[in-house]
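Protein chains in written order, with UniProt numbering: chain A, 1 to 388; chain B, 1 to 392. Where is the CB? At the ideal position from N, CA and C, for every residue including glycine. Read through the structure below, which is laid out as C-alpha cells, and then see the notes.
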C-alpha cells in the first residue's frame, strides 16, 4: 500500500539526504504499523517540558491548581497543557483529546474522572479507557510510613506493582440470559510476563530483596495460575531477588496484622486495587500516597487511590500531599531531579507539623495553609523562587 | 403427575371418614412423590433420634483433624447430645468420590462441621476445589461471619462489631475458565438476579432479626457495570422492603481502606463472593487473626460450620499450637442452629473466659500457650459452672 511505497523512500532518501529526513519519513510511515516500537520524542523545547494536565472531577481541579501554583513559584521548567474532560457527556471526544495530548507530550498529571453508575453501561470508565489506550500497563504505588503522621502500624515500606490494563477491568460483560450476567476476566501470558518483568526490574533498580505475587490460584486455576506461572518464569531470571506467592485473602489479613513483612508485591488488576487501598489506609489514608502509571512510551501520574473526593470538593480541606508527591514523581520521570527533591523535602517537612494536618489526618488545617507552608519551606532552602 | 394427583384425590376421599388420622400417611406419600421435583422445598427431617443429634464431621487437612478432635472432646466432656458421623476427604485423590460421600452424609444429617480441605495448585485444573464443590452442591448460598473484638485479645482497633454476609455460590468462584487462544485465559464471573436477590434478602432478614440498623453493599459497579450493577440493583430492591434498615453502598477499594482506618462505621455488609473473601479476611485480621473467628454457611436446607477464614494451617499442623477458639465458637454456632442453646452458651462462655487469660494465648495472638492447655482450661471452666459433665 502507500505505506510500503513510502517506506522504500527512506532507502532512496538516505543515500541522497542526511539521516534526519529519512528518520522522519520512516517514523511517519511506520507509525501506523509499529506503534509500540516508536518512542515519541520528548516534548522538550528550549529547556522547558510540556506536560498534559487533566484536572478531572471533585478535588482534582483545585489540587491541580495548587500543583501549578507551586511549580510556578519554584520556577520549575514545566508548562502544563490543560485538557478538560467532562465526565457527564456520553461522547468520548473529550477523553480522546486528552489521549492525543498525552501522546504528543508523553507525560501527564491527572485527577480522577468520575464514573457515574447511573449512566448506561455503554459508557466506559474514562480512567480505564485512558489506561488501556495508552497501554499504561504498570501501576506503581510506593506506600511508606511518613514521619509525622500517626498510624497504627509503623515503618511500612511496600511497593505495589499492579497490572493496569487487563484482568477484571476488561469491561467485557454480557447478559445472554435475562437475570444472568457474565463478566470476563482476561489474563494473558504476554501481559503477565510484562508486568512480572517490570516488577523484578523495578525491584532490582531500587535494591529490593523480595517480590511477592498475590493471586487466587486455588480457585481461579487457569487464570491466576497463568499469572503465577509467568511470575515464576521471570523470577528465575533474577536469582538475587527472592520470590514467593500468597493468596489474596491471606495477604490482606497479613497486611492488617504484620505489614512489615512485605517488600514488593506484584498482582493482577483487581487484587491490586484492593491491596493498594489497604496499604494506603495503613500509612495514613488516600491523601498521602502518590501513584504512577507507566507504559512503554507514556507515563501518567495521579494520586495512588484514585479518589474523586466529591464530598470535599471546594471546601479547602483536601490533602494536597498525594498530588504534590505525584508531581514530584513526574519531575523525577522527566529527569528534573533537583526540583523533585526540593519539593519533596518541603512536603515532608510540612507533614511533620501536626498543626497543619488536614481533616483526613485528623487535623484542622486547610489545603491553602499546607501549600503556603510548603512554599515557605522551599523558599527558605534558598534556590531561585518567585515572590510569595 | 398422575400418581400425585391420584394420591391427592385419595386424601379427599379418605379424610371425611377418618378425619386427620390418616393425614400423616398422605403427607408421607405426598412428600416422597414431590421429593424429586421440588427438592429445594423439601426440608430434610432433623437427624434427631432419642434426643441426640447426628452431625457430619469432615476433618479436612492441616489443623482440621486436631481441632475437630478437641471439639469432640469438649462435647463429650460437656455431655452435649450430639453424635458425629466422621467422613474423611482425601485431598490428594483426583476423583470426587470422597467429596460425594461427604455431601451425601450432609444431606442425610442436615448439619456439618468441617475443617478446610486443601486445594493443591499443582494438580490439574480439572480438580476443582473441594470446599467450593461442597458449597455449590448443597447450595449453601450465605456465608455469615460475625467479627467481634474479643475482650482479652489485644488489637489495634477496639470494639469492632461487623457482620459480613457473603454470597457463597457464584461470582468469581464459578470455576468457569477456558483458554480459547493459547496464552489468553478467560475467567467467567457470573452474577445472577436470583442469587443476588436471595443473598440480599438473607442479609436484610438477618439484620432485622439481630436488630441491626444499617446494611452496606460492597461492589465495584463503576468498572463491572453489568455484573456488580445487577447485584447493587437487587440489593436496592430488597432494601426498599425494609424501611427500618438504612442501606448504602461502597466501592470495594474504598471499603478496605475505611476498614483499616475506621472500622467502626460498618454494621452489616453484604457482597459477592470475591469481595467477601477479601473483606472477611481483613476483618478477621482486625479482630485478632484467623484463629478467633467462626464462620457459618447457610442454605435453605443445610448448614455447614467452619472457621471463617478457611485456613488449612499446614505449617502448624500437629504442633499443638493452633488456636482452637475459631473451631469451638463454630461448634457453638452449630449448637445454636440445633437449638441446644444452653450447651452453646455454656461452651461459648467458657471459651471467652479462657480468652481473657493472656497466659493461655496461643502463638497466633502473641502468646505461648498450647492448644491442649486452652482446651483443658475450657473444660475446667465448664465443670466449675456446675453443669453435668464427665470426669476431667
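Which same chain residues end up closer than 6 angstroms to residue i when comparing Cβ atoms and leaving out the 5 residues on each side of it in sequence?
i	result
residue 76/A	339
residue 323/B	291, 362, 364
residue 248/B	216
residue 276/B	166
residue 305/B	113, 296, 330, 333, 334
Going by DSSP, which residues form a beta bridge with residue i?
i	result
residue 199/B	Residue 199/B is not bridged to any residue.
residue 48/A	45/A
residue 103/A	None; residue 103/A has no bridge partner.
residue 243/A	211/A
residue 237/A	Answer is none; residue 237/A lacks a bridge partner.
residue 251/A	For residue 251/A, which the question treats as bridged, DSSP gives no partner whatsoever.
residue 294/B	307/B
Please check if any C-beta of chain B sits within less than 8 angstroms of the C-beta of residue i.
i	result
residue 121/A	yes
residue 286/A	yes
residue 185/A	yes
residue 111/A	no
residue 189/A	yes
residue 154/A	no
residue 142/A	no
residue 179/A	yes
residue 169/A	yes
residue 338/A	no
residue 274/A	yes
residue 381/A	no
residue 369/A	no
residue 105/A	no
Is the beta carbon of residue j closer than 8 angstroms to that of residue i?
i	j	result
residue 287/A	residue 361/A	yes
residue 87/B	residue 117/B	no
residue 164/A	residue 137/A	yes
residue 246/B	residue 214/B	yes
residue 308/A	residue 147/A	no
residue 70/A	residue 374/A	yes
residue 126/A	residue 87/A	yes
residue 166/A	residue 250/A	no
Could you tell me if residue i is buried or exposed, where buried requires 16 or more neighbouring beta carbons within 10 angstroms of its beta carbon?
i	result
residue 344/B	buried
residue 119/B	buried
residue 388/B	exposed
residue 216/A	buried
residue 389/A	No answer is possible for residue 389/A: the residues shown for chain A start at 1 and end at 388.
residue 209/B	exposed
residue 61/B	buried
residue 357/A	buried
residue 49/A	buried
residue 350/A	buried
residue 79/B	exposed
residue 151/B	exposed
residue 172/B	buried
residue 259/A	buried
Spell out whether any CB of chain A is found under 8 angstroms from the CB atom of residue i.
i	result
residue 290/B	yes
residue 375/B	no
residue 168/B	no
residue 130/B	no
residue 156/B	yes
residue 137/B	no
residue 342/B	no
residue 246/B	no
residue 143/B	no
residue 121/B	yes
residue 225/B	yes
residue 253/B	yes
residue 257/B	yes
For residue i, collect the residues of the same chain with a Cβ closer than 8 angstroms to its Cβ; drop the 5 residues on either side in sequence, then sort them by chain order.
i	result
residue 143/A	156, 157, 158, 159, 160, 276, 279, 280, 282, 283, 289, 304
residue 184/A	170, 172, 173
residue 228/B	191, 219, 220, 221, 272
residue 50/B	none
Keeping to the same chain, check which residues put their C-beta closer than 7 angstroms to that of residue i; ignore five residues upstream and five downstream.
i	result
residue 325/B	291, 292, 351, 355
residue 334/A	49, 107
residue 198/A	138, 161
residue 34/A	Bear in mind that the predicted position of residue 34/A carries a pLDDT of just 41, short of 50, making it unreliable; the figure below should be weighed with that in mind. Nothing meets the Cβ criterion.
residue 317/A	358, 359, 366, 367
Is residue i close to the ligand FAD? I mean its beta-carbon at under 7 angstroms from any heavy atom of the ligand.
i	result
residue 289/B	Only the bare structure without any ligand can be found here, which leaves the ligand FAD out of the picture.
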